[in-house]
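Trainee: Here it is: the structure, laid out below.
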Amino acid sequence: MRRCSDFLTTSSNLTAPHLLLSRRPSSSSSSQTLTLDDPPNPNPIPLLHSILLSDPNWTQNPNLPHLTLTLTPTHLASLLQSQPVLNPKTALSFYEWIGKAPNFRHSLHSYAPLLSLLVRSNLHGPADRIRIAMLKSCTSAEDVRFALDHVLGHHRDRHPDAKHVLRRYNSILVALAKFSMVGDMVRVYRRMREDGILPSVFTYNAMINAYCKLGKVSRANVHLGSLFVGGHEPDTFTYNSLVLGYCRGMEVDEASRVFGVMKEKGCRRDEFSYTILIDGLCKNGQVGEALKLFSEMEGCGCRANAHTYCVLVDALCKENRFEEAEGMMDEYDSKGLVRNVVMYNSLVGGYCKGGKVDTALKVVESMVEKGCKPDSWTYTMLIDGLCKEGRLNEAEGLLSEISKKGFVVRVATYNALIDGYCKKGNMDAAFKILEVMAENGCELDAQSYNELIHGLCRERKMYKGMALLSTMLESGLSPNIVAYNSLIQGHSEEGDIDSAFRLLKLMNGSGLAPDQHTYSLLIDALCKAGRIEEASALFDDLDQSSIKANEVIYNALIHGQCKKGEIDAALSTLEKMVSAGCLPDSYTYNALIGGFFSEKKLTEAMSIVNDMVERGVEPTVVTYNILINGMVKKGDLGDAKRIFEQMVSSGCKPDACTYTIFIHAYCSEGNVEEAENVIEGMIKAGISLDVVAYNSFIDGCGNMGLLDKAFSALKRMADAAYEPNYQTYSIFLKHLFKRNHAEKIAVSAAEIWKVVHVDTILELLDQMIAYGLTLCISNYQVLVAELCRRGRLEEARILVSRMKESGLSLNEAIYTSLINCCCSLQLYREASTYLYSMIGHGYLPHIRSYQLLLSGLCDHGNVEKAKLVFSYLLGRGYNFDEIVWTILIDGLLKKDHFHAFSEMLSIMEERQCSPSPETYALLRKEYPSLENGLQKEMKG
């Protein structure tokens, strides 16, 4: 087997979800390979059938050992179908004899024909034994249903003894209860009553326990009433079930009441009674009450079992009460009991969740030393803990180690690594974990997909997130609300608010109700886009959606209103917020303070600060930064410094943004020396400069003609692992442009990309190398993107050529910039060439690139070419709804290409790539003139 590290270090560009997810383990990896030299297994049934028919002493037959070596349950089923039919007693004896063989195990399919034979022969006792054995052998709900068909199918054989029939029914109920098949239990119970069989306490207990496990105590109480009507009394199992049911329903007070009733009725409370209630109390956060109950156990003649201790250790660890948890473990040892893996896992899990992974690792070392073998769950918790601390290399190493030890790695373990990489923004590594999973035959679950979708959305790869959503749904798995919220947030942050609302409809169509977070994302997105009226309308509609506005929703609206200068509206929203019982927090006040400063209403801004303090809300670092920045913009650096001193004296620690405000202020005055003093103070305070701080200082140096100092700062920035961004390059190009032009043309950083010559850009790159910076793909990516955004394709191509000469290949972002630029310049042939080259190198083109290309081709009357490209993209794994939203609606219909739209929708239908009913409904609503065509497509 390949090491995990081999997979994780393999170089690959195939990061597109549909490419990675299609990988499956190769059939060549099978450990059992049939060769041409292997002789076929002869059918043992004819000879075995002959022996059993003709030889009364068949157990002594010399051929029997050889024949039974290859015997399977399927063979036994065939044996009973052979003619003439075996004597039922002989068949039963052989079944019992072969069942004791070490290399043979009966299955449902071997039991079924024997049961039929025994029932036909009126051998009721043996038939009952086979029924029970059959039910006990079930390992899944499907097995139980198969067994049920046979057990109930032969059930009305009118056994003379009602007790035997009752035992059959009880065995069936137990088998069904094992897999929580309560609906089937109800049907069996009704049939039992129809057959005139009176339930026993065992019967009622089976029904009560099944409902209680699901937390449905009201249904359990119906059967409790029937138990009393039948003249029975509840036993310990009955009461334990009720205590469990109330605990599962988080009605711990009721559970405690039933626990008390047991004592009143003289019903013995056993260790399970105590453990169930202790567990319920712990899960309800009443750990103190649980410990008190635990202390009473021994006095009541009950000895705590391993599960009791595990529950308490787990609860104490969740409250970070690790010393008490360790003490509980020591107490367990002192009673001569041996710690099991579950107990150790409680401690390991607690330490991992508490951020003490190194301590957890020591617990595992101790665990191994004491002879307790860690299981896959132990390692899953360790890997998850390491991932949460960002120690991904150690997590990978541990995964590789347990794979070598032969552990079957669970999907939860892989999910921990996937989540870790997603949170680090390393989506390539996250998708490579899928390759490892595929190689080891581990299927993705809903959590795997949800984490990957969330990760892609964080990286603004919405089209990939939507493609993964399609793959998930095709796999029969359902996205959770977190996945949909991630997609809604991602679309919103990309400025595609229309698609965010389309996702809301898709979410509703899947049966998921949006929550407060969903609406806070949409309201925030509308506010940031300046669409305050729509945000307010959505806010007003919350009552109809049964969603109560929380602080986050109110704050999003207030912040949006302040940003747009609608301070009066923001104050009105604040009043509503208070009236609704939502207390304003620092974010609320910060939005209002910033709003007043933007409107140059300093008195009102300071009044809000005073009101904030009076209401017990402490000013945060953001509050002080707003005040300092406001004073600096006013030109009052002295007041800004005084606020800074007040901030420090109040115990509020300045952050990078605080210092950056001062760096920018001094640089704007041309006082680079004072800016350097601020940087020195910043470093002494243990605060690292961020990109914004570096950019401010670099610009200040450039303004003073100190380009040498500016490039030295850039080198320090790179050494601190900060990537230069668009603003960094704009600043340098602005100053290089100014230096290279004798006429001293003044050009802003925003305008520089329109006028700068490519030679100046190449000069910048050469200077970066001269100052010790190593150029990588990300450097070129930013430069190419900005040139393409201004339609300067030739200059972008020159940079790409230089990049290739230095041994770098085009990445996904550079391809996207070039394609989109070609489309904006109406160079559709060149755009197509880049697009197919991108696919050839294993990248999934951005769906908006297709939108630009296809709508552009249609603009120029080349619909047939557009249709060919559209047909090709349907096989690339994109989400069908997003294809319609982005390409057909936002691309074609908004440009009135109705004929092309109709033909492409027909292509989707022909290729069985139809969008969801919600998307069809959206089309009918927004484009009613298409109604007839859409009805035809849906019928098709």
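FYI, in the numbering used here the residues of the sequence shown are 261 to 1200.
Don't be surprised by glycine CBs; every beta carbon is placed ideally from N, CA and C.
#1: What's the gap between the Cα of Gln776 and the Cα of Phe554?
#2: Note down the Cα distance separating Phe364 from Ile741, rounded to an integer number of angstroms.
#3: DSSP three-state call for Glu878: helix, strand or coil?
#4: Among the candidates Ser501, Gly650 and Ala698, whose CA atom is the shortest distance from the CA of Asn686?
#5: Considering only the alpha carbon of each residue, which of Ile468, Glu936, Val881 and Glu1178 lies closest to Leu433?
#6: Thinking just about the alpha-carbon of each residue, which of Lys969, Leu737, Leu502 and Gly614 is nearest to the one in Tyr464?
#7: Just to confirm, is the Cβ distance from Leu1133 to Tyr1110 under 8 Å?
#8: Tell me whether Lys396 is buried or exposed, calling it buried when 16 or more other Cβ atoms sit within 10 Å of its Cβ.
#9: When you compare only the Cα positions, how much space is there between Ala1201 and Gly946?
#10: Does DSSP put Met441 in a helix, a strand or coil?
#11: Measuring straight from C-alpha to C-alpha, what distance separates His335 and Leu377?
#12: Write down every uninterrupted run of the alpha helix (DSSP H) in the region 822-879 whose length is 4 residues or greater and which is fully enclosed by it, in chain order.
#13: What are the boundary residues of the alpha helix (DSSP H) that Asp644 is part of?
#14: If you compare alpha carbons, which of Asn815, Ile827, Lys860 and Ile390 is closest to Leu843?
#15: Let me confirm a value: Lys808 is counted as buried when at least 16 other C-beta atoms fall within 10 Å, else exposed. Which label applies?
#16: Determine the direct distance from the alpha carbon of Lys944 to that of Asp899, and round the result to whole angstroms.
#17: DSSP state of Arg791, grouped into three classes?
#18: Do you know whose CA, among Lys893, Cys917 and Pro914, lies nearest Glu929's CA?
#19: Taking the alpha carbon of Gly540 as the reference point, which residue from Cys562, Gly505 and Cys560 has its own alpha carbon closest?
#20: To test your reading of the DSSP string, which unbroken alpha helix (DSSP H) runs of 4 or more residues are found completely within the region 992-1057?
#21: Alpha carbon to alpha carbon, how far is Gly599 from Tyr592?
#22: Return the CA-CA distance between Met394 and Glu695, expressed in angstroms with no decimal places.
#23: I'd like to know whether the C-beta atoms of Thr778 and Leu766 end up nearer to each other than 8 Å.
#24: Let me check understanding here. Comparing Cα to Cα, which of Arg762, Gly359, Val1044 and Ile1074 lies closest to Leu1183?
#25: Just verifying my parser: in three-state terms, what is the DSSP assignment at Ser948?
#26: Considering only their Cβ atoms, is the gap separating Ser770 from Ala760 smaller than 8 Å?
#27: In whole angstroms, what is the alpha-carbon distance linking Glu874 and Asn850?
#28: Excluding sequence positions up to five away, which residues of its chain have a Cβ less than 6 Å from the Cβ of Thr988?
#29: So Cys542 and Val571 are supposed to be a Cβ contact under 8 Å. How far apart are they, rounded?
#30: Mind reading off the beta-carbon distance from His1106 to Tyr723? Whole number of angstroms is fine, and I expect it under 8 Å.
#31: Looking at the secondary structure, which residues open and close the alpha helix (DSSP H) in which Trp318 lies?
#32: Looking at the structure shown, is Ser282 part of a helix, part of a strand, or coil, going by DSSP?
#33: Roughly how many whole angstroms lie between the Cα atoms of Asn317 and Leu352?
#34: Assign Arg1136 to one of three DSSP states: helix, strand, or coil.
#35: Return the first residue and the last residue of the alpha helix (DSSP H) that Gln906 is part of.
#36: Looking only at its own chain, which residues have a Cβ that is under 8 Å from the Cβ of Ile903, when we skip the five neighbours before and after it?
Mentor: In terms of the structure at hand:
#1: The residue labelled residue 776 in the question sits at position 516 within the sequence shown. The residue labelled residue 554 in the question sits at position 294 within the sequence shown. If you take the alpha carbons of Gln776 and Phe554, they lie about 40 Å apart.
#2: For the purposes of this step, residue 364 is identified with residue 104 of the sequence shown, where counting begins at 1. For the purposes of this step, residue 741 is identified with residue 481 of the sequence shown, where counting begins at 1. When rounded, the distance between both Cα atoms is 47 Å.
#3: As a working note, residue 878 is residue 618 in the sequence shown. Glu878 falls in the coil class under three-state DSSP.
#4: Here residue 686 refers to the residue found at position 426 of the sequence shown. Minimum Cα distance to Asn686 is reached at Gly650.
#5: Numbered from its first residue, the sequence shown carries residue 433 at position 173. Of the candidates Ile468, Glu936, Val881 and Glu1178, the one whose C-alpha sits nearest the C-alpha of Leu433 is Ile468.
#6: Residue 464 sits at position 204 when you count from the first residue of the sequence shown. Selected option, being the one with the closest Cα: Leu502.
#7: What you label residue 1133 is simply residue 873 of the sequence shown in a count that begins at 1. What you label residue 1110 is simply residue 850 of the sequence shown in a count that begins at 1. Contact flag set, yes.
#8: Locating residue 396 in the sequence shown gives position 136, counting from the first residue. With fewer than 16 other Cβ atoms within 10 Å, it is exposed.
#9: Outside the shown range of the chain (261 to 1200) lies residue 1201, about which nothing can therefore be said.
#10: The residue given as residue 441 occupies position 181 in the sequence shown. Three-state result, Met441: coil.
#11: Stepping through the sequence shown from its first residue, residue 335 is reached at position 75. Stepping through the sequence shown from its first residue, residue 377 is reached at position 117. Answer to the nearest angstrom: the Cα atoms are 16 Å apart.
#12: 827-839, 846-858 and 862-874
#13: Stepping through the sequence shown from its first residue, residue 644 is reached at position 384. That run of the alpha helix (DSSP H) goes Ser636 to Lys648.
#14: Numbered from 1 along the sequence shown, position 583 holds the residue referred to as residue 843. Nearest C-alpha to Leu843: Asn815.
#15: Here the question's residue 808 lines up with position 548 in the sequence shown. Exposed is the call here.
#16: As a working note, residue 899 is residue 639 in the sequence shown. As a working note, residue 944 is residue 684 in the sequence shown. Rounded to the nearest angstrom, the two C-alpha atoms are 23 Å apart.
#17: On the sequence shown, position 531 is the one that residue 791 refers to. Arg791 falls in the coil class under three-state DSSP.
#18: Locating residue 929 in the sequence shown gives position 669, counting from the first residue. Of the candidates Lys893, Cys917 and Pro914, the one whose C-alpha sits nearest the C-alpha of Glu929 is Lys893.
#19: Walking along the sequence shown from the start, residue 540 turns up at place 280. For the residues Cys562, Gly505 and Cys560, the minimum Cα distance to Gly540 belongs to Gly505.
#20: 1012-1015, 1018-1030 and 1037-1049
#21: Along the sequence shown, one-based indexing puts residue 599 at 339. Along the sequence shown, one-based indexing puts residue 592 at 332. Note that residue 599 is Arg in the sequence shown, not Gly. Going by the C-alpha atoms only, they are around 8 Å apart.
#22: By 1-based counting over the sequence shown, the position of residue 394 is 134. By 1-based counting over the sequence shown, the position of residue 695 is 435. If I take the Cα positions, the gap works out to 40 Å.
#23: In the sequence shown, the residue the question calls residue 778 occupies position 518. In the sequence shown, the residue the question calls residue 766 occupies position 506. Not a contact, by the Cβ cut-off of 8 Å.
#24: Position 923 of the sequence shown holds residue 1183. Ranking Arg762, Gly359, Val1044 and Ile1074 by Cα distance to Leu1183 puts Arg762 first.
#25: The residue labelled residue 948 in the question sits at position 688 within the sequence shown. In this structure, Ser948 counts as coil in the three-state DSSP scheme.
#26: Against the sequence shown, residue 760 aligns to sequence position 500. Against the sequence shown, residue 770 aligns to sequence position 510. No, the pair does not count as a contact, with Cβ atoms beyond the cut-off.
#27: Residue 874 sits at position 614 when you count from the first residue of the sequence shown. Residue 850 sits at position 590 when you count from the first residue of the sequence shown. Their Cα atoms are separated by approximately 15 Å.
#28: On the sequence shown, residue 988 is found 728 positions in, with the first residue counted as 1. Taken in chain order, the residues that qualify are Asn955.
#29: For this step, residue 542 is matched to residue 282 along the sequence shown. For this step, residue 571 is matched to residue 311 along the sequence shown. Rounded, the Cβ-Cβ distance is 6 Å, consistent with contact.
#30: Here residue 1106 refers to the residue found at position 846 when the sequence shown is read from its first residue. Here residue 723 refers to the residue found at position 463 when the sequence shown is read from its first residue. Confirmed, Cβ separation roughly 6 Å.
#31: Mapped onto the sequence shown, residue 318 falls at position 58. First-last for Trp318: undefined, no H or E at that position.
#32: The residue labelled residue 282 in the question sits at position 22 within the sequence shown. Per-residue confidence for Ser282 stands at a pLDDT of 38, beneath the threshold of 50, marking its modelled position as unreliable; no derived number is given.
#33: Position 57 of the sequence shown, counted from the first residue, corresponds to residue 317. Position 92 of the sequence shown, counted from the first residue, corresponds to residue 352. Cα-Cα distance, rounded: 15 Å.
#34: For this step, residue 1136 is matched to residue 876 along the sequence shown. Correct three-state label for Arg1136: coil.
#35: In the sequence shown, residue 906 corresponds to position 646, counting from 1. Unbroken alpha helix (DSSP H) run through Gln906: Leu897 to Ser909.
#36: Translated into positions along the sequence shown, residue 903 becomes position 643. Answer for Ile903: Tyr884, Leu887, Ile888 and Met891, listed in chain order.
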